[in-house]
Structure formats: structure tokens, C-alpha cells
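Everything in the sequence shown is counted per this note's numbering, starting at 821 for the first residue and increasing by one.
Each residue gets a CB set at the ideal place from its N, CA and C atoms; glycine is no exception.
Everything numeric in this text was worked out from a predicted model, so none of it was measured.
Reading through the C-alpha cells given below for one structure.
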Amino acid sequence: MTTTGNRPSTEDYYRNERPGNRSVGQLMREITEDISSLIRKEIELAKQEVGESISIKAKGAVTIAIAGVFGLLALMFVLLALRDGLDTFLWQWVADLVTALVLLVCGGIGALIAKKKLQEPFKTELTKKTIKDDVQLAKSLSKRPGSAGSKTGV
Numbered sequence: 821m822t823t824t825g826n827r828p829s830t831e832d833y834y835r836n837e838r839p840g841n842r843s844v845g846q847l848m849r850e851i852t853e854d855i856s857s858l859i860r861k862e863i864e865l866a867k868q869e870v871g872e873s874i875s876i877k878a879k880g881a882v883t884i885a886i887a888g889v890f891g892l893l894a895l896m897f898v899l900l901a902l903r904d905g906l907d908t909f910l911w912q913w914v915a916d917l918v919t920a921l922v923l924l925v926c927g928g929i930g931a932l933i934a935k936k937k938l939q940e941p942f943k944t945e946l947t948k949k950t951i952k953d954d955v956q957l958a959k960s961l962s963k964r965p966g967s968a969g970s971k972t973g974v
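Here's what the structure looks like:
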């Protein structure tokens, strides 16, 4: 018998218990409690998965920020070297303009990459799977002869 904590699962109730042993009110109360418990657990699972996804993204953002600081320092020296190199055979203002354009292109590419990363959806596969399993179980229970949703058991 499958148990969750001290209680047998809903499926075990339907498999092992005869409906005649309990009143309709008791059965309805138990079903309501089970549905409420199921919904609470699904919400907890969804919160946990979203929290884990946010935590992973936050760690990635911190790593990107640290790498960005070092990249910015290196970029300053590269741009100074580029400007000085262009300044040897171009006017200084043209060398500065070319350097600024290179910087703008790099910034635009970085912004597009960051936008793509931030638009990725949260991963909640486990929540989706358990909800589908719950729906399948509810459908299979309602199709059994003698169940509340079955027309043959009336």
C-alpha cells in the first residue's frame, strides 16, 4: 500500500475500502481534503522549481557581472591601443570615431545576447508532469464502475 506520511494514498482508498463502510458525507470530506492537499503540494512544487530557476539565474547574473568588470577593464586598454594604432595613419578624430563605433557594435551584440538569455522561460517540467499524472489518475478513478463520475455504477 502506497502511503504519504501516515495516510494511505487516495488510490488505495478506492482500491481497498468499500464505499458502504463510510457515509457519502465522509467520502466527500475525504475527497475534498485530498484535493486540497494535492493542490497545496502542487503549488509548493511549482514554488520550489521557480525558486531554483531564479537562484540559478541569479548566480549566472553575478558571474556575468564579475566577468563584465574584468572585460570592461581589458576593453579600455584594447580601445586605447586601437585608437593609438589608428592615430598613426588617420586624423585623431577619425581614430576616435572608429574606436567608438567598434565599442557600440560590441555593446549591441552583448545586449542582444543578454536579452536572449533573460527571455528563456523558467523550467517547471516536474510540476507539469505531476499535474498531468494527477489528471490521469482523476480520469481513471472517474471511469471505474461505481465511482461518483461513472454513469454505469448508478
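Status (buried if at least 16 other CB within 10 Å, exposed otherwise) for T919: buried
Chain-order list of residues whose beta-carbon lies under 7 Å from that of A866 (same chain, five-residue window excluded): T944, T947
Under the three-state DSSP convention, the category L910 falls into: coil
Other residues of its chain near V974: CB distance less than 8 Å, five sequence neighbours each side excluded: Reliability of the predicted coordinates at V974 is poor, the pLDDT of 44 falling under 50, and the value obtained from them is presented with this limitation in mind. Result list for V974: empty, nothing under 8 Å.
Among K949, L921, S960, nearest to R903 - alpha-carbon criterion: L921
Helix, strand or coil at S962 [DSSP, three-state]: helix
CB-CB length for A915 against D907, believed under 8 Å: 4 Å
C-beta atoms of L895 and C926 nearer than 9 Å: yes
Whole-angstrom distance between K952 and T972, CA atom to CA atom: At T972 the pLDDT is 49, less than 50, meaning the model places this residue with poor confidence; the figure from the coordinates comes in the next sentence. Each residue's Cα considered, the two are about 26 Å apart.
Simplified DSSP assignment, three categories, for F890: helix
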